[in-house]
Structure formats: C-alpha cells, structure tokens
Amino acid sequence: METKEWLKAALNDLSRARVDYADGRYLDRETESITVRNEQVAGLSRRGDCGFGIRVLYKGSWGFAASARLTEADVMETARRALEVAKASYLTQREPVKLDEWQPHRGSYRTRFEVDPFAVPLDRKLELLFTAVKILRQDKRIAVAEGEMNFCRTEKLFLSTEGAEITQSILESGAGTEATAIEDGDLQRRSYPDSLGGDVATRGYEFVESLELVENAERIREEALALLAAEPCPVGKRDLIIGSSQLGLQIHESCGHPTELDRALGTEISYAGGSFLTPDKLGNFRYGSKIVNIYGDATIPDSIGSFGYDDEGVPAQRFPIIEEGVFVGYLTSRETAPIVGKKSSGAMRAESWNHIPLIRMVNINLEPGEQDLSLEDLIADTKDGILVATNKSWSIDDLRLNFQFGCEIAWEIKHGKRVRMLKNPVYTGITPQFWNSCDAICGRSEWRIWGLPNCGKGEPPQTMHVAHGAAPARFRNIEVGVKK
Amino acid sequence: MMGEQQILGLLKRVVGRSPAERTELVYMGGRTDLTRYTKSAIHQNVSEENIRVYVRVAEGKRLGVVTVNKLGEEELLQAAAKALELARHQPENPYFEDFPQPASYQRTQTYFEATAEFTPAARAEAMKRIFAQAERLGFEVAGAFTSGEAEVAILNSNGVAAYQPLTQAGITIVPVSREGMSRSSSFSHDVREIDFERVAAKALERCALNKNQQEIALGQYDVILEPGCLAEVMQWLCFIAFGSNSFIQGTSFMAGKLGERSMGENITIYDSVHEPEAQGLPFDFQGFPKQRVTLIERGINRGVVFDSMSANQAKAQPTGHGLPPGMPYGAIPFNICLQPGDSSVEEMIASCPRGLLVSSFHYVNGFLDPKKALMTGMTRYGTFLVEGGKIKHAVKNLRWNESMLRALSNVQAISRKREVIGDEGASFAVMPAVYIKDFTFTGVQKEESGPAPR
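Just so you know, the protein sequences line up as chains A and B, in that order. Residue 289 in my numbering sits at position 289 of the first sequence, and the numbers go up by one each step. Just add 484 to the spot in the second sequence (first one is 1) and you have my numbering.
Below is the structure:
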C-alpha cells in the first residue's frame, strides 16, 4: 500500500527532525445507515471516509495534523504541519509530556462475522425493517414507528517512530425499532432492544437477525399504547430495580466518564467537565457497596468496546476500576498513566483518521452477582419498589456527581410482585451515594452487554463506540420522580 | 481552499456525466485548526483538512445517497453510480418531486482572510498573553481556540450552482481558581472582531466571584440566565419542536397548534442568517435560499422550518433549512435567534429581590416530555444568589427541571445585548440574557461519599 510507505517516510523525516515521538494512522471506513419511518425510507446512505493523521511529540509538546488527500506530497506536507503545530504548543509549555515505555507491537486484529452486511441485498434489509414497522403501526395512536440499521467497516493502520506496525479490521452491525404513541397531548415511546438506535455489536448481519425485531414489534407497540393509560410514576424515595440496558448507561455516565484519567487531570474541564474521582482517591475511596465490581475490558469478543490495539498501539486489556466497592483504577493513556504510577490501560481511541486519540471507554462492565439471581427472583425479594427499563433522558453534572435519568417504562412492585405499569419514571442521585446503596445484582444468566455507539467527548467533538455489560440490580431508597 | 470556479467546475462535469436521471452534489471542505489548553498550557493542538461530497441522485421518485471524501471526477462518478443502484432498490418517495430550481441568494459576509491566515503560532501567542493576564490574578486558564476556513457548494442537474466560503474563529476561556471556575467565549467569522483581552477580563472577573459556594434550599427561584443558558435550551427546542419532523409527526408542542399561544408576549423566536451580530450560509444544503422564519411571534406559535420533501408532506413551502442529503431528521433551524429586549444583566440584578444569576447550563436534556418541552440540566461555571438587587455569594451548582413553555411564559426582562454562541461551521445561536420568574431547582452538586473502605 502506497500510503503506508509514504507514512513510514514521513515518520522517518520526523525522526530526523529529532522529535521525541511520532505516530501515523491511516483509516478507511465504509458505513451504511438505513432508517424506515412509518411507510417511508426516511434515510438511506452509504458513506466512505478515508484519510490519515500524524501526531508529533516535539520537546514534550503535542502537534497533530490530518488530511484526506492521499498523495505522497500531502503526507509529507501534513507531517510538516503536525511538527509546526507541535512547535507552537511548545511556546506555552510548562511541563514536558513523557510517555510510558511500551515495546512497539507489530500485529493485526480482525473481528469475526458470519454474514457481511454490505453484501446483504438492500431489499432484504428494507423488508425486515418495513415488516417490523408495519406491526408497530397497527394502531392509529402510534404516530411514529421507526426501524433502523447501521453497518460500519473500518480498516486501520498504525505506525510509530518506535517501530510499531499494526493493522486492524473491525466490522460492526446494529439495529433497533421504536414506537411513539400520542393521545390527548401525552407522548409515550418504547424502543427495542434499546433506545437511541437499538443495539450494536462487532458482528455481521447475523447479529441484526438475532435481535428478532419483527418478533418483538407487537410487544413494543402494546407497551407504548399501555403507557398512555398508565399512571405517572410516584414521587418519593423508593427501592429501585434498574434493567440491564439502563444500568449500562448508568455505568457509562457515573463510572465510565469519571474514571477517564484525562478528565480527572483537568484536560476536559472547559468542555465535557472534570471528575470527582481525583487521583488522591485512587485506592482509598469507597465508590460503591462491597458487591459493586466494575472493570474495563477491551478483549470481549463481539462487543463494540473491543479492539486489538488502541490508537497508541497499546494492546487491549482487562483492568479493574471498582473492586468490592473501592475505586482502584482509571482508564489511561501512555501520557497520563505514569502520573498515577501505572502503565497505559490501552484506552486511547480516535473516532477517525482526522481526530487525535483521547482516553475513551472500552467495555466498562458491572460484574454479575455471585448468586445466580434472576430478575424475577429480585422482584420477588422486593417489598415496595419500582422497576425501570430503557433510557429516555440522561443528564449528569460536570464532575459526574448529580445525575438524573428518565426511562421509557416502569412497573410498581408490591410484596414481590409487579402490580402496575407506570409512565414517565425519573430517578436522581449522587453517584457514590447511589452505588453504595446497591444491595443486589442479578447473576450471570441475566448479564448482557449493550453496544453504545454515541459516546461524545472532546473538541472537535468525537463520537466513540463503547459498550457496557450489566445485569439488573437493586438500589435502596432512591429518589424517584421530580419534587416540585 | 479550492475556490468557486474550480469546485463548481468539477461538480458541473460530474453532474453532466452522471448516469442518473437527476443528480445533486453537495461539497463541504476546508481546514479546521484547534488549540486546547488547561492549567495555562496548550495540551492539544490539531489541524485538520477534510472534504466531503454528498452525491444524491433521483430516478423518478426514488432517491439514493452516497457520501465520499474524495474529489476525483471518476471517484465522484462511481459514487453517483452507487447512489443510483441504491435508488433503484428503494420504494418511491411520494414527497419527492424534484431537486430545487436555480434561485438568487442574498449575500452574506462570512469569509475573512485574516481568519484564514491565522497560524498555530499566532494562536499560541494570543494564548500566552491570556495566560499572563490570568496569572496576574492568580488563576490558571483552560479552554479552546479554533480558527479555520471552509467552502460549501451545491450544484444540481436543474442548474442550481451555489457557493459560499466561510471562516470561523472562536475562543472559550475558562479561568480556574482553587475554589471555582467561570467561562466566557466569543465567536466571529472575523478573528479581528474577537477582543481576547476583554473576553478574558470578563471571565476572570466572574471567576473571582465564584468562591465559597454555599448550598441553598431547593425550590423555585427567579433566575437571570446569561445568553449561553438559553442557547442550550434553544438547541433542544430546534430538535424537539421547531423542526419539520417533530411538527409533522406530532411530537412537537407546535403540532396542530399554530396560531395558539405557548409562551409569553415578550418572546419572539426566529431563524435568520442576517443578524447584526452574525451572518450565515444564505442557502441550505439543497440549494434553497435560506429564509428568515418566525417560529414564535410574541408568544404565538407561528411556524416551523421545512426542506422540500417535508414541505410537500406538510403542504407547505420549503424555507431553506434542508440538512445534508441522507440524514433522517428532516429540516432543522440552525441559526436560532431570540428577539432582544430593553434591559441588561446589571438592570436585571438590580431589580431582583431574591433570585439566582446563572452563568451557564450543562448537560441539558429535552427528551423528558417533548410535548411540554420539559427539560432538565445543571448550572455550571458560576451560580450566584442575588438578594436585594445585589449579588450576595456563589452557590453550589444546581439541577433544574422545568417546562420551557412555562419558563418562557414567565420572562420578566430581556437584555438589549445579545451574544453569538457558535457551533461548528455555519451553525449559531444569537441569544440575549433573560430574567425568568419561578424557575424550578430540584437538586444540588455535592460530594457525599460512603464510609471509608477496609
């Protein structure tokens, strides 16, 4: 590949210019997005995106430049521009950046799949979506019925002045449906298998078929309609059981983001925010109850938070974040890990060729409970509580302490039984208080991983694909509803 | 930058050779430079050159879209052929009639060479001066400084040939003390319009006030919201209420209620690219001239924005708010403005018996109940208790839950002065400060940890 040779030559030039370090990333991505809404194709497009980025560390200061123009002259010019930018950064330097030591890797990584979604005829994909949407629409109160599919194939090359040479090929497939019911000024929505686009995995079209969108459409429609007639969720402190996908988002917002070490060190403070989990708390802060164990793991097969190597060439790893309720680990990079006396956890990821890598979540998972408790067992064990499922709204403060989540649906639990459906459930809390109130987590059989392809961070904004594994769990005495 | 002749020439050749019955090309390309800093030092510094071409073709009422970031004539023709293949496998779209016809566009001034030529070293030098200004007061500074240039061109087989160059510059300054933070920003197409020292001074002055934050009782307070707060809220309203899809589908509070009152008489919200404070693209991403659209007039629901297909569906006229091809969101306003009033933040504070001055909102979410425009969010970068017409002290950041229909029915005063709050590219909001009665606060940012481990 010519681009690889040009990038190698550019990195050689930078080495001769005595930079501390440089890396080059080439990326070629193809995506397909299909949205069917009511009786129409609301959106259908294929997109190609290809280019390269060069990152330079000069006298301890960073510079980065990227271009979509794939000629030898443009690669060389982009390397020169990256160095010029790094020299500008150096003008304000206070502390030089130092990277932790890594043996440069030479390797490749490829996700597995059975059916290439780009080879599946469009007619077949549309038929599946139209069939599901037709079932969702079978009531005039369903104002909007929607189904979508998204596919993404990424080919990546990573080279560094240290001698790393890594290729990765990652295929992702995702799909979901949604029904919006409107009656008398009330609007209720149900999504399947999750809100905001469904679920995504590093698999082929077989993953879309395994979701059974058509088989679940009638249930989703009926739940959306039933919500119109349901009572609003009461306000007050209640025991709360959180379904698996919503708990995934809870982990994302209240554990994943605050354990990104760049946030904790203040490099996102003017945009996404900081973190209450400052380095002085590492190893000595009780984040949650003793049954709370949260870990990062970029090696889980089929999950979109997995990869072979991060965008600094560091191999994918599994690492603890919360152990028996104690905060023990951050998501880190080669630059930040030494600051807390660690090696990089391999969490530096860039959305595409035109972005610098930032510390991003991988798969951030809550360990299932030791006993194989089912959701029904947990409900049976709850005297007076609320079960919530499927995210509808999300908001958390800039230090990741005060959060509020809304869910699509809830059920009131009385004496171990679901007694009625409730609409517009909202719950709120303070992160460490909330996780310390966790007194039961369902077992392995209820645990599943949820792809979340829309995690935002950084300037210019980067959208990252991450995932969260969780089983339903119970939290005691949580503020439910909005007090006026 | 390729220039008008070269881009339109290339697009014209591709449209002329396209295998499709009708073809539309949307070109976006340029360079974006961004310097980020924290603790008064640059920690990220990037320069990106990118292009994107949306190729949309029509065969009868069937449409296909392929997007590429390559500019070769043959590569664009391959994209057109792929788009045609996609179109042939799709059902007819009953709302598609044709691509737009040629039109004239009201000129806007969006390109300034001084911005295009602003170098990474010039950004670093500007930052050094701001860092020194902050250091004199004992503060460190975080933030971002962006500058760049871009071109947008639209050409279709009906003869539309639109071109607009843009530059953008924007700075965000976040002074950080041991006790608190503040934020000030400025955006302009012309970097010379940004008074770095003044922006920094404003942020530093506010940061000095943001200390010893106290916890206050939750409940309803009169609030003075500075312009950035409303910009966040308006972005959500654009998405859940003022766009074509939410209107047609009935999820917007405006749906079926045009002509009815939803806000106070002093509220007029519109979308415009011809404001004294800011100008934008004079056409949308289909090549329709961008019209000024009144969304709320003196509190009354007046209309939403449309692209060609959503206009056909709603039996309305396109307003020039189409998004790039292939997106499933319909038309959305992206130059949202609130009509100014005759007050000022200082006058609002002086008139406030007891309330809160809010510098910024954070993490607003408008999906709680779109029919009521019910939203939640946090305050950030300085929240202050006002009593007896004076700022008394800083308070801890607060969570709020409020219907924006209720809040915008309770506006007591609006400032004369508005601020431009920039986004990427040609998107912006022009917002004043407002004084709102009885805004609902429901939670506080505080760290309450569990017992010490082990």
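C-beta atoms are modelled at their ideal positions from N, C-alpha and C, and glycine is treated no differently. Everything numeric in this text was worked out from a predicted model, so none of it was measured.
Classify residue i: buried if its beta carbon has 16 or more other beta carbons within 10 angstroms, exposed otherwise.
i, result
"S108(A)", "exposed"
"S210(A)", "exposed"
"D679(B)", "exposed"
"R938(B)", "The predicted model places R938(B) with a pLDDT of 37, which falls under 50 and marks its position as unreliable; any figure quoted below should be read in that light. By the 10 Å Cβ count, R938(B) comes out exposed."
"G839(B)", "buried"
"A936(B)", "At A936(B), the pLDDT of 46 sits below 50, so the modelled position is not reliable; the number obtained from the coordinates is stated separately. Classification for A936(B): exposed."
"A337(A)", "buried"
"G487(B)", "exposed"
"D517(B)", "buried"
"G622(B)", "exposed"
"L378(A)", "buried"
"N454(A)", "exposed"
"A834(B)", "exposed"
"V36(A)", "buried"
"V918(B)", "buried"
"H415(A)", "exposed"
"S631(B)", "buried"
"G787(B)", "buried"
"Y231(A)", "According to the sequence displayed, residue 231(A) carries Glu and not Tyr. By the neighbour-count rule (16 or more Cβ atoms within 10 Å), E231(A) is not buried but exposed."
Residue i touches chain B at which residues, Cβ-Cβ below 7 Å?
i, result
"P425(A)", "Chain B residues near P425(A): none, gap ~11 Å exceeds 7 Å."
"F276(A)", "E931"
"D49(A)", "N553"
Applying a beta-carbon distance threshold of less than 9 Å, which residues of chain A neighbour residue i?
i, result
"R864(B)", "G273, D397, D398"
"F615(B)", "T92"
"V829(B)", "By Cβ distance, chain A contributes nothing, its closest Cβ being about 22 Å from V829(B), past 9 Å."
Pick out whichever of the options has its Cα sitting closest to the Cα of residue i.
i, options, result
"P817(B)", "L841(B), L807(B), E558(B), M811(B)", "L807(B)"
"G176(A)", "S169(A), E165(A), D184(A), Y192(A)", "Y192(A)"
"W394(A)", "L129(A), E253(A), R110(A)", "E253(A)"
"R515(B)", "L765(B), A857(B), A897(B), A653(B)", "A653(B)"
"L240(A)", "K8(A), V41(A), V426(A)", "V426(A)"
"G783(B)", "R883(B), P766(B), Q823(B)", "Q823(B)"
"M421(A)", "Q40(A), M348(A), F319(A), L225(A)", "L225(A)"
"I54(A)", "I304(A), L261(A), A9(A), D23(A)", "D23(A)"
"A626(B)", "G266(A), T431(A), V292(A), L277(A)", "G266(A)"
"I526(B)", "R29(A), S45(A), S61(A)", "S61(A)"
"G443(A)", "R474(A), E206(A), T92(A)", "R474(A)"
"A739(B)", "V552(B), I780(B), I638(B), S666(B)", "I780(B)"
With DSSP as the reference, please indicate the residues paired to residue i in a beta bridge.
i, result
"Q940(B)", "For chain B, the structure presents residues 485 to 938; residue 940(B) sits outside this window and is missing."
"V426(A)", "G406(A)"
"S844(B)", "R864(B)"
"S631(B)", "D517(B), A653(B)"
"W411(A)", "L387(A), M421(A)"
"Q698(B)", "V879(B)"
"K156(A)", "L27(A), Q168(A)"
"G906(B)", "F912(B)"
Kindly list, in the order they appear in chain A, the residues whose Cβ is closer than 8 Å to that of residue i.
i, result
"S524(B)", "T92, R94"
"R662(B)", "Near R662(B) there are no residues of chain A at all, since even the closest Cβ is about 13 Å away, more than 8 Å."
"R883(B)", "S395, D397, N402, Q404, T428"
"L852(B)", "K392, S393, G406, N424, V426"
"H846(B)", "G273, D397, D398"
Residues of chain A with a CB under 7 Å from the CB of residue i: which are they?
i, result
"E532(B)", "A66, N354"
"M811(B)", "G43"
Strictly below 8 Å CB to CB, what residues from chain B border residue i?
i, result
"L122(A)", "L570, H573, Q574"
"A143(A)", "Q733, G734, T735"
Say the cut is 7 Å; is the CB of residue i nearer than that to a heavy atom of the ligand GTP?
i, result
"R838(B)", "The ligand GTP is not part of the structure shown, which contains no ligands of any sort."
Run down chain B in chain order and give the residues with a C-beta less than 9 Å from the C-beta of residue i.
i, result
"R37(A)", "N729, Q733, P812"
"S270(A)", "R520, Y521, T522, V625, A626, G627, A628, T656, I657, V658, V660, M665, R667"
Notebook entry, point to check: Residues in the segment 557 to 582 of chain B with C-beta within 7 Å of chain A's C-beta atoms, listed in sequence order?
Noted result: Cβ contacts with chain A: K566, L570, H573, Q574, P575, N577.
Next item on the list: Note down, in chain order, all residues in the segment 54 to 73 of chain A with a beta-carbon under 8 Å from any beta-carbon belonging to chain B.
Entry: Flagged, chain order: S61, W62, G63, F64, A65, A66, S67, A68, R69.
Check: Relative to chain A, which residues along the segment 719 to 735 of chain B have a C-beta separation below 7 Å, given in chain order?
Finding: Result list: Q733, G734, T735.
Item checked: Residues from the segment 431 to 455 of chain A in contact with chain B, defined by Cβ distance under 7 Å -> Answer set for the segment 431 to 455 of chain A: P432, Q433, N436.
Notebook entry, point to check: Looking at chain B, which residues of the segment 76 to 100 of chain A have a Cβ within less than 9 Å of any of its Cβ atoms?
Noted result: So the list reads T78, R81, A82, E84, V85, A86, K87, A88, S89, Y90, L91, T92, Q93, R94, E95, V97, given in the order they occur along the chain.
Next item on the list: May I ask you to list, following chain order, the residues of the segment 177 to 200 of chain A that have a beta carbon less than 8 Å from some beta carbon of chain B?
Entry: Under the 8 Å Cβ criterion, the segment 177 to 200 of chain A contributes T180, I182, G185, D186, L187.
Margin query: Any C-beta of chain A within less than 7 Å: which residues of the segment 624 to 642 of chain B qualify?
Written below: Residues passing the 7 Å Cβ filter: A626, G627, A628.
Item checked: Contact residues within the segment 588 to 621 of chain B, judged by C-beta distance below 8 Å to chain A -> The segment 588 to 621 of chain B vs chain A, Cβ under 8 Å: T603, P604, A605, R607, A608, E609, M611, K612, F615.
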